[in-house]
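Working notes, beginning with the structure itself.
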Amino acid sequence: MTRTTLDTAALAHDLRLAVMRLSRRLRNQRVDTTVTLTHLAALSTLKRHGPMSPGELAAHERVQPPSMTRVVVALESQGLVTRTPHPTDGRQVVIGLTPAAEELLTEEVRAREAWLSGQLQQLTAEQREVLRQAAVIMDELASG
Numbered sequence: 011m012t013r014t015t016l017d018t019a020a021l022a023h024d025l026r027l028a029v030m031r032l033s034r035r036l037r038n039q040r041v042d043t044t045v046t047l048t049h050l051a052a053l054s055t056l057k058r059h060g061p062m063s064p065g066e067l068a069a070h071e072r073v074q075p076p077s078m079t080r081v082v083v084a085l086e087s088q089g090l091v092t093r094t095p096h097p098t099d100g101r102q103v104v105i106g107l108t109p110a111a112e113e114l115l116t117e118e119v120r121a122r123e124a125w126l127s128g129q130l131q132q133l134t135a136e137q138r139e140v141l142r143q144a145a146v147i148m149d150e151l152a153s154g
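Read in order, the letters of the sequence shown are residues 11 to 154 in the numbering used here.
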């Protein structure tokens with residue numbers, strides 16, 4: 011192996027660990043722990059992509075439809091999603107967010123960003139600039 015390959019492999023290892031740790035810390039900044047992370051993921055997908063069938067939601071979340079059915083039932087019982095008839099297929103329903111879900115997602119994002127903002131304020135201006143540049147690069151990595 012070349013020196014460059016070893017350096018790249020070490021960077022990949024270190025970056026993966028750092029991203030996982032940061033992600034874990036951000037996930038722990040919760041507003042409502044009665045809603046599971048799985049439920050939050052489904053709600054976030056509905057917010058990002060709009061109302062959809064349970065099957066479409068399962069595909070987006072990469073879970074089996076029966077698992078998503080359980081998630082939808084739980085979210086509906088908490089007043090976080092609605093079921094409406096599908097406009098063209100009478101056998102289907104469309105799952106959408108309620109105002110309570112919209113508010114919950116807004117508060118979850120606010121809590122996580124407040125925590126991260128507090129952590130960033132502890133860094134030097136130079137460190138924040140490095141992270142600003144790294145965020146752009148990481149976004150490029152994720153898009154590629």
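By construction, the Cβ of each residue, glycine as well, lies at the ideal position given by its N, Cα and C atoms.
Buried versus exposed, by CB contacts within 10 Å (16 or more), residue i
| i | result |
| --- | --- |
| A28 | exposed |
| E118 | buried |
| P64 | buried |
| V140 | exposed |
| L151 | exposed |
| L50 | buried |
| L32 | exposed |
| L16 | exposed |
| L85 | buried |
Under 9 Å between C-beta atoms of residue i and residue j
| i | j | result |
| --- | --- | --- |
| A52 | V83 | no |
| R35 | W125 | yes |
| A68 | V91 | no |
| P61 | T94 | yes |
| L130 | R138 | yes |
Reference residue i, options the options, closest by Cα
| i | options | result |
| --- | --- | --- |
| L115 | K57, L133 and A135 | K57 |
| S87 | D24, A22 and T44 | T44 |
| E66 | L47, G89, H96 and T134 | H96 |
| P109 | S127, G89, R122 and D149 | G89 |
| E113 | T46, L133, S54 and R26 | S54 |
Three CB pairs or more closer than 8 Å across the stretch 32-39 and the stretch 68-77: no
The stretch 93-110 / the stretch 133-153 touching (three or more Cβ pairs under 8 Å): Contact fails: fewer than three Cβ-Cβ distances are below 8 Å.
At least 3 beta-carbon pairs within less than 8 Å: the stretch 104-112 vs the stretch 73-93: yes
Minimum length 4: unbroken alpha helix (DSSP H) runs contained in the stretch 91-149: Complete alpha helix (DSSP H) runs here, min 4: 109-131.
Complete alpha helix (DSSP H) runs within the stretch 51-81 (minimum length 4 residues, chain order): 64-71
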